[in-house]
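Student:
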Amino acid sequence: MDLSHFVSSVTPSATLEFNKKALDLAKSGENVVKFTAGEPDFPTPRPIVDAAIKALNEGKTKYTNASGIDELRKAITVKLQKDNSLSYSPEEIVVSNGGKQAIYNVLKALLNVGDEVVIISPAWVSYEAQILLCGGVPVVVPARAEKGFVPEIPEIEKAVTDRTRAIIINSPNNPTGAIYPKEFLRDLGNLCVERELFVISDEVYEKLVFDAPHFSIASIEGMKERAAVINAFSKTYAMTGWRVGYSATSMKVARAISKIQSHLSSNVNTMAQYAAVKAFEVDTSSMVEEFRKRRDYVVSRLSQIGLKFSKPAGAFYVFIDIRSFLGGRFKNSNDFAIGLLEEQKVGMVPGSAFSYEGFIRMSFSSSTEELREGLDRFDRFLKTL
Ligand code: GLU
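Under the UniProt record's numbering, the first residue of the sequence shown carries the number 1, and numbering increases by one thereafter.
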């Protein structure tokens, strides 16, 4: 039996696959250090967990509005106003199963078969797959390592054609940790207005910023109508398993998204939504400070080892240049990542997963002890090459 072209054109999520490989190895009894999936090692803060338990005890276990409970949509609009100077009404917010579903909903609402979507590589694994699943055509514009992985407007401009419908940006960036400067976002906003492009702005790492503030492209004059702001609770509040994210868009797009979600998944599970409302009251600054310490530690260790990388200004990833180690035992970043896992039991994700060969992504969302041990092993591994 043949499967659809759409599904045949994609591979499973490589971040999750490499994470699973590392987990399977650990289950088999190996002492594995896992720098694969970007997942805070902190527990979900107690007040959030308690809010979910309270919701359960109060019998809040039934369907809600498919687009989310009023309290949560309202709380999200307050957050967007306070943190990002963005004015949305609750009806323009759709609560989804993580940022992942929020992005898919937007693509599904926008794309006809053959429409092009510009993505910047290195690009998070699921952008390309989701575009393909919607029948769209991903157009990859590489950002250069020498430019700190901030893309260049003329390069983006060159990639825009009559079929281009949208561009996806992600700042702070997964996998590079780059934060796009305000000037770049302003120029990109101008380009989008000029060429009538829609921007999907994935801002899930917004709160994990170390060296520069976050700025939302949607706050630029004229951009709200042509932007979808994507955010989630996973990274900021250590809520990866709760699966709560959202999109903020114009009313027209929000209505389309609500329609799609009402047929696909209905509402995000009810108690998780109540927990998310509580999350806005939780101060996460100590977690951010801890990530900053880990970032500094990783940066200093990688420099001591003599590796090339761009210092992450945000998120919890560092994208390491391994080009000088390829060509011998390991032909490409995938082989390298498998070698590192098999020989030293250290899990990282190959750059190829992010459409960027010659690099490897290390997540530093693990504890300092794990970072120390994993980097010792990584150093040993490199010495064998
Ligand atoms: N977004 C995280 C990562 O890039 C979690 C895994 C995934 O959904 O891709 O590692």
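Quick reminder that beta carbons are idealized off the backbone N, C-alpha and C, glycines included.
If you're wondering where the values come from, they're calculated on a predicted model, not measured in any experiment.
Can you tell me which residues form a DSSP beta bridge with residue 386?
Tutor: Residue 386 is absent from the model: the chain starts at 1 and stops at 385.
Student: Taking just the CA atoms, how far does Ser365 sit from Arg323?
Tutor: About 24 angstroms.
Student: Are there 16 or more other CB atoms within 10 angstroms of the CB of Met1, so buried, or fewer, so exposed?
Tutor: Exposed, because fewer than 16 other Cβ atoms sit within 10 Å of the Cβ of Met1.
Student: So who's on the other strand from Phe309, going by DSSP bridges?
Tutor: Looking at the DSSP assignment, Phe309 forms a beta bridge with Ile320.
Student: Out of curiosity, what's the CA-to-CA distance linking Ile179 and Arg380?
Tutor: Whole-angstrom Cα-Cα distance: 31 angstroms.
Student: Would you call the segment 334-345 in contact with the segment 180-187, where contact means no fewer than 3 C-beta pairs closer than 8 angstroms?
Tutor: Contact fails: fewer than three Cβ-Cβ distances are below 8 angstroms.
Student: Nearest-angstrom Cα distance between Gly339 and Ile305?
Tutor: Distance between the alpha carbons of Gly339 and Ile305 is about 19 angstroms.
Student: If you draw a straight line from the C-alpha of Gly135 to the C-alpha of Ser121, how long is it?
Tutor: Approximately 20 angstroms between the Cα atoms of the pair.
Student: For the ligand COA, any of its heavy atoms closer than 7 angstroms to the Cβ of Trp242?
Tutor: Absent from the structure shown: the ligand COA. Ligands present: the ligand GLU.
Student: I think Ile217 touches Ile169, with their Cβ atoms under 8 angstroms apart; what is that distance to the nearest whole Å?
Tutor: 7 angstroms between Cβ atoms; contact.
Student: Any heavy atom of the ligand GLU within a distance shorter than 7 angstroms of the CB on Lys82?
Tutor: No, Cβ of Lys82 sits at least 7 angstroms from all heavy atoms of the ligand GLU.
Student: Just checking Lys20 against the ligand GLU - is the residue's beta carbon closer than 7 angstroms to any of the ligand's heavy atoms?
Tutor: Every heavy atom of the ligand GLU is 7 angstroms or more from the Cβ of Lys20, so no.
Student: Using C-beta distances below 7 angstroms, list every residue in its chain close to His5, excluding the 5 sequence neighbours before and after it, in chain order.
Tutor: Correct list: empty, nothing qualifies.
Student: DSSP has Met348 in a bridge; who is on the other side?
Tutor: Its beta-bridge partners do not exist; DSSP assigns none.
Student: For Ile53, does the three-state DSSP call read helix, strand or coil?
Tutor: Note: Ile53 maps to helix in three-state DSSP.
Student: What do you reckon, are the CB atoms on Ile358 and Leu326 nearer than 8 angstroms?
Tutor: The sequence shown places Gly at residue 358, rather than the Ile named in the question. Yes, the pair counts as a contact, with Cβ atoms nearer than the cut-off.
Student: Look at Ser96 and Gly245 and say whether their C-beta atoms are less than 8 angstroms apart.
Tutor: Yes; because the gap between Cβ atoms is below 8 angstroms, this pair is in contact.
Student: Under the rule that 16 or more other beta-carbon atoms within 10 Å means buried, what is Gln81, buried or exposed?
Tutor: Exposed: under 16 other Cβ atoms inside 10 Å.
Student: From Trp124 to Thr176, what distance separates their C-alpha atoms?
Tutor: Rounded to whole angstroms, Trp124 to Thr176 spans 10 angstroms at the Cα level.
Student: Would Val209 be called buried (16 or more neighbouring beta carbons within 10 Å of its own) or exposed?
Tutor: Burial call: buried.
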